[in-house]
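Engineer: Here it is, the structure in full.
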Amino acid sequence: MNKPHSNKAWFLVLPVFILVAFSAIVPLMTVVNYSLQDIFDVSTRYFVGTEWYREILNNSRLQDSLVRQFIFSGSVLLIEIPLGIGVALMMPKSGKWSVISLLILALPLLVPLNVVGTIWQIFGRADIGLFGWALNSLGIDYNYAANPIDAWLTVLLMDVWHWTSLVALLSFSGLRAIPDAYYQAASIDRASAWAVFRYIQLPKLKSVLLIGVLLRFMDSFMIYTEPFVLTGGGPGNSTTFLSQALTKMAVGQFDIGPAGAFSIIYFLIILLVSWLFYTAMTHSDNK
Amino acid sequence: MNKKKTIGLSVYILFLLLPLYWLLMMSFKSNQEILGTLTFWPNEFTFANYMTIFTDASWYMGYINSIYYVSLNMVITLLVALPAAYAFSRFRFIGDKHLFFWLLTNRMSPPAVFLLPFFQLYSSVGLFDTHIGVALAHCLFNVPLAVWILEGFMSGVPREIDETAYIDGYSFPKFFTKIFIPLISSGIGVTAFFCFMFSWVELLLARTLTSVSAKPIAAVMTRTVSASGIDWGVLAAAGVLTILPGVLVIWFVRNHVAKGFALGRV
Amino acid sequence: MSWMAWTTPSALFFIGIACILIGMTYWEIVSPCIARKGFFPIETTRGDRLFISLLSAAFIHLGFIGFTEVTIWLPFTVAIIWLLIVMKWG
Numbered sequence: 030m031n032k033p034h035s036n037k038a039w040f041l042v043l044p045v046f047i048l049v050a051f052s053a054i055v056p057l058m059t060v061v062n063y064s065l066q067d068i069f070d071v072s073t074r075y076f077v078g079t080e081w082y083r084e085i086l087n088n089s090r091l092q093d094s095l096v097r098q099f100i101f102s103g104s105v106l107l108i109e110i111p112l113g114i115g116v117a118l119m120m121p122k123s124g125k126w127s128v129i130s131l132l133i134l135a136l137p138l139l140v141p142l143n144v145v146g147t148i149w150q151i152f153g154r155a156d157i158g159l160f161g162w163a164l165n166s167l168g169i170d171y172n173y174a175a176n177p178i179d180a181w182l183t184v185l186l187m188d189v190w191h192w193t194s195l196v197a198l199l200s201f202s203g204l205r206a207i208p209d210a211y212y213q214a215a216s217i218d219r220a221s222a223w224a225v226f227r228y229i230q231l232p233k234l235k236s237v238l239l240i241g242v243l244l245r246f247m248d249s250f251m252i253y254t255e256p257f258v259l260t261g262g263g264p265g266n267s268t269t270f271l272s273q274a275l276t277k278m279a280v281g282q283f284d285i286g287p288a289g290a291f292s293i294i295y296f297l298i299i300l301l302v303s304w305l306f307y308t309a310m311t312h313s314d315n316k
Numbered sequence: 202m203n204k205k206k207t208i209g210l211s212v213y214i215l216f217l218l219l220p221l222y223w224l225l226m227m228s229f230k231s232n233q234e235i236l237g238t239l240t241f242w243p244n245e246f247t248f249a250n251y252m253t254i255f256t257d258a259s260w261y262m263g264y265i266n267s268i269y270y271v272s273l274n275m276v277i278t279l280l281v282a283l284p285a286a287y288a289f290s291r292f293r294f295i296g297d298k299h300l301f302f303w304l305l306t307n308r309m310s311p312p313a314v315f316l317l318p319f320f321q322l323y324s325s326v327g328l329f330d331t332h333i334g335v336a337l338a339h340c341l342f343n344v345p346l347a348v349w350i351l352e353g354f355m356s357g358v359p360r361e362i363d364e365t366a367y368i369d370g371y372s373f374p375k376f377f378t379k380i381f382i383p384l385i386s387s388g389i390g391v392t393a394f395f396c397f398m399f400s401w402v403e404l405l406l407a408r409t410l411t412s413v414s415a416k417p418i419a420a421v422m423t424r425t426v427s428a429s430g431i432d433w434g435v436l437a438a439a440g441v442l443t444i445l446p447g448v449l450v451i452w453f454v455r456n457h458v459a460k461g462f463a464l465g466r467v
Numbered sequence: 007m008s009w010m011a012w013t014t015p016s017a018l019f020f021i022g023i024a025c026i027l028i029g030m031t032y033w034e035i036v037s038p039c040i041a042r043k044g045f046f047p048i049e050t051t052r053g054d055r056l057f058i059s060l061l062s063a064a065f066i067h068l069g070f071i072g073f074t075e076v077t078i079w080l081p082f083t084v085a086i087i088w089l090l091i092v093m094k095w096g
């Protein structure tokens with residue numbers, strides 16, 4: 030890949046640059062300004078230096094929600110990536126059923142985030158929802174509104190329901206790109222199904238899976254609407270993730286200064302993780 | 202082996218469809234029935250919940266607002282992302298890799314981080330509570346994604362085609378609209394689908410940047426919670442109606458979805 | 007602009023970042039850089055090394071602010087030294 034060098038290409042990128050810069054750079058600079066001050070209103074504000082950062086970094090509630098966030102995003106990846114690959118392997122490769130299952134798989138992805146929350150809010154209730162009713166009649170005491178573990182598991186199950194399809198569709202398109210000759214060679218060698226997966230399919234899936242891991246990690250790391258609708262972050266703080274803690278602080282309590290500092294720290298974590306993933310991705314492409 | 206696969210897939214699809222079925226069926230029930238007994242099929246089939254939505258302007262305007270800003274967002278995103286993706290796929294220029302990564306970070310950063318200044322910024326330039334305002338805000342995460350997908354599709358088109366066209370005397374704009382865009386039409390369809398999807402499902406920004414005249418359906422739905430409890434039937438009907446546009450859109454791109462989900466990279 | 011709540015230190019900070027970016031662009035035009043491998047496990051260009059050092063500078067500052075009481079100039083010095091090391095040998 031030897032692309033010609035031309036700085037004129039900047040003119041083609043300029044509209045995107047201006048558009049995104051308007052919504053990204055100005056707010057980011059403003060957040061930095063907020064984070065350094067104690068703000069009461071536009072004219073009454075005091076410079077406090079790095080005080081808010083110190084407070085946020087030592088705030089145990091926020092540390093808890095950071096840990097909770099990492100556990101949540103980790104479990105999301107651990108469940109959705111293998112399950113997604115599995116579903117993709119089970120899908121018919123071509124024909125009518127392939128298209129039908131593709132369409133059904135894509136369905137949850139198109140449900141608005143708050144409706145996802147609503148669907149599971151209804152589905153999980155013991156009085157009006159099938160899931161909650163079924164669990165309770167099996168003798169399992171399940172109530173996502175009162176029991177932190179149930180709430181946590183419901184949020185996780187909801188995310189699996191909502192997003193595993195994305196991984197499955199990514200892997201499916203990766204699998205379809207493998208030429209038939211590979212499979213024929215494998216069947217001549219009498220390779221086991223596991224060997225076919227390990228040495229033919231998985232290597233081919235690597236680049237799409239990295240996209241999947243990146244998107245899933247990032248989106249679960251900023252999850253807000255679904256748990257907000259389902260549990261409102263409770264019971265207690267058991268399902269309060271970072272975005273919700275931040276929104277509560279910024280919009281609910283209007284603590285602009287600390288919320289600014291929190292935003293910057295949050296953003297830096299995102300920047301670090303997405304840089305690591307992105308570097309891993311581009312380097313696996315080059316090899 | 203094949204039988205096992207079919208069973209496995211069927212179980213998974215059942216898991217996907219059951220909650221949706223429950224929602225759909227609930228939307229045809231009256232509130233007494235919903236709260237009274239647990240039934241798999243409505244005893245009394247009613248369209249009352251849907252009638253509530255279709256006859257109340259504050260309800261159906263929510264849908265119109267959402268569709269309006271989502272369409273605007275799709276048009277803006279494609280218009281700016283097409284040339285940019287072409288630049289990324291065909292040329293190297295100063296800062297190209299860093300620019301690309303910077304664009305992606307905007308897809309990755311949580312809207313919650315920018316919430317407060319967003320509100321201030323859009324109010325100060327007069328975009329608060331307008332459709333174009335929400336559309337522009339959604340460009341923040343849709344444009345980077347669109348550039349990413351389109352760049353993948355465009356890299357699949359051999360560069361010889363560009364060169365031949367220039368030798369044949371095509372100017373850049375003519376080549377781009379007459380030859381290149383038809384070549385990647387499936388990629389454009391898939392990109393439009395993704396823009397639709399992420400703009401349609403987003404709530405936090407859409408809700409914060411609107412109050413009355415551009416209020417999205419997602420925000421309207423919170424109205425079902427009133428003093429007398431939650432109006433489950435209407436809530437379910439509203440939920441069903443938010444899924445329908447997505448079903449329509451995905452039907453149009455069904456043949457390209459698989460490739461599109463790999464962002465054109467396989 | 008008043009809603010952006012500017013302060014002198016943050017304005018200086020952003021002017022500094024802008025100057026660095028302009029300087030790096032100018033440097034790149036005058037003498038284009040070739041990716042090379044230093045003590046990082048990946049090949050890096052000048053721009054990559056700048057990004058790595060700025061990002062780690064941010065975390066160095068956060069670490070010092072959050073968990074010690076020392077003056078802000080100490081992490082600042084550490085970050086500058088780290089930046090020079092990365093740019094030279096990274």
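Protein chains in written order, with our numbering: chain Y, 30 to 316; chain F, 202 to 467; chain W, 7 to 96. We put the beta carbon where it would ideally sit given N, CA and C, even for glycine.
Take the Cβ of residue 312/F as the centre, count every other Cβ of all protein chains shown within 10 Å, and call the residue buried at 16 or more, exposed below.
Structural biologist: Result: buried.
Engineer: Nearest-angstrom Cα distance between residue 295/Y and residue 339/F?
Structural biologist: In a straight line, the C-alpha of residue 295/Y is about 20 Å away from that of residue 339/F.
Engineer: Grab the span of the beta strand (DSSP E) containing residue 150/Y for me, first residue to last.
Structural biologist: Segment 142–152 is the alpha helix (DSSP H) holding residue 150/Y; no beta strand (DSSP E) there.
Engineer: In whole angstroms, what separates the C-alpha of residue 300/F from that of residue 147/Y?
Structural biologist: Cα to Cα, residue 300/F sits roughly 38 Å from residue 147/Y.
Engineer: If we cut at 8 Å on Cβ distances, does residue 35/W have a partner in chain F?
Structural biologist: Answer yes: the Cβ-Cβ gap between residue 35/W and chain F drops below 8 Å somewhere.
Engineer: Go ahead and pull the three-state DSSP assignment for residue 93/Y.
Structural biologist: In the structure shown, residue 93/Y sits in a helix (DSSP, three-state: H, G or I).
Engineer: By Cβ distance below 8 Å, which residues in the same chain neighbour residue 226/Y in space, the five residues on each side in sequence not counted?
Structural biologist: Cβ neighbours of residue 226/Y beyond the five flanking positions: 118.
Engineer: May I ask you to report which of helix, strand or coil DSSP gives residue 216/F?
Structural biologist: Helix, per DSSP.
Engineer: Under the three-state reduction of DSSP, which class applies to residue 50/W: helix, strand or coil?
Structural biologist: Correct three-state label for residue 50/W: strand.
Engineer: Buried or exposed for residue 216/F, please, with buried defined as at least 16 other CB atoms from any protein chain shown within 10 angstroms of its CB.
Structural biologist: By the 10 Å Cβ count, residue 216/F comes out exposed.
Engineer: Considering just the uninterrupted stretch of the alpha helix (DSSP H) at residue 308/F, what are its terminal residues?
Structural biologist: Note, residue 308/F: alpha helix (DSSP H), 297–309.
Engineer: Name, going along the chain, the residues of the region 204–215 of chain F whose beta-carbon falls closer than 7 Å to a beta-carbon of chain Y.
Structural biologist: From the region 204–215 of chain F, only 206, 209, 210, 213, 214 have a Cβ closer than 7 Å to chain Y.
Engineer: What's the C-alpha gap between residue 392/F and residue 351/F?
Structural biologist: Looking at the two C-alpha atoms, the distance is approximately 7 Å.
Engineer: Could you spell out where the beta strand (DSSP E) holding residue 408/F opens and where it closes?
Structural biologist: First-last for residue 408/F: 405–409, but that is the alpha helix (DSSP H), not the beta strand (DSSP E).
Engineer: Using C-beta distances below 6 Å, list every residue in its chain close to residue 228/F, excluding the 5 sequence neighbours before and after it, in chain order.
Structural biologist: Around residue 228/F: 250, 437, 438, 441.
Engineer: If you compare alpha carbons, which of 401/F, 416/F, 248/F, 292/F is closest to residue 356/F?
Structural biologist: Out of 401/F, 416/F, 248/F, 292/F, 292/F has the C-alpha closest to the C-alpha of residue 356/F.
Engineer: Quickly, what does DSSP pair residue 75/Y with across the bridge? List them, please.
Structural biologist: DSSP, once it has assigned bridges, lists 67/Y as partnering residue 75/Y.
Engineer: Give me the subset of the region 315–330 of chain F whose CB atoms are less than 7 Å from a CB atom of chain W, sorted by chain position.
Structural biologist: For the region 315–330 of chain F, which is checked against every Cβ of chain W, the residues closer than 7 Å are 321, 325.
Engineer: Per DSSP, residue 34/Y forms a beta bridge with which residues?
Structural biologist: 293/F.
Engineer: Report the rounded CA-to-CA distance for residue 358/F versus residue 30/W, giving the unit in angstroms.
Structural biologist: Answer to the nearest angstrom: the Cα atoms are 33 Å apart.
Engineer: Taking any Cβ of chain C, which residues in the region 55–79 of chain Y have a Cβ under 8 Å from it, in chain order?
Structural biologist: Looking for chain C here will not work: the only protein chains present are Y, F and W.
Engineer: Smallest Cα separation from residue 289/F: which of 94/Y, 267/Y, 40/Y?
Structural biologist: Checked all of 94/Y, 267/Y, 40/Y; the closest Cα to residue 289/F is 40/Y.
Engineer: Are the CB atoms of residue 55/Y and residue 65/Y nearer to each other than 8 Å?
Structural biologist: No, Cβ-Cβ distance for residue 55/Y and residue 65/Y is not below 8 Å.
Engineer: Once the 5 residues before and after residue 467/F are set aside, which same chain residues still bring their CB inside 6 Å of it?
Structural biologist: Bear in mind that a pLDDT of 47 at residue 467/F, under 50, signals an unreliable position, so the number given afterwards is only what the model happens to contain. Closer than 6 Å at Cβ, skipping near neighbours: no residue.
Engineer: To the nearest whole angstrom, what separates the beta carbons of residue 456/F and residue 399/F, a pair I think is in contact under 8 Å?
Structural biologist: Contact doesn't hold; Cβ gap of about 21 Å is too wide.
Engineer: Does residue 36/Y come within less than 8 Å of chain F when only Cβ atoms are used?
Structural biologist: Residue 36/Y counts as touching chain F.
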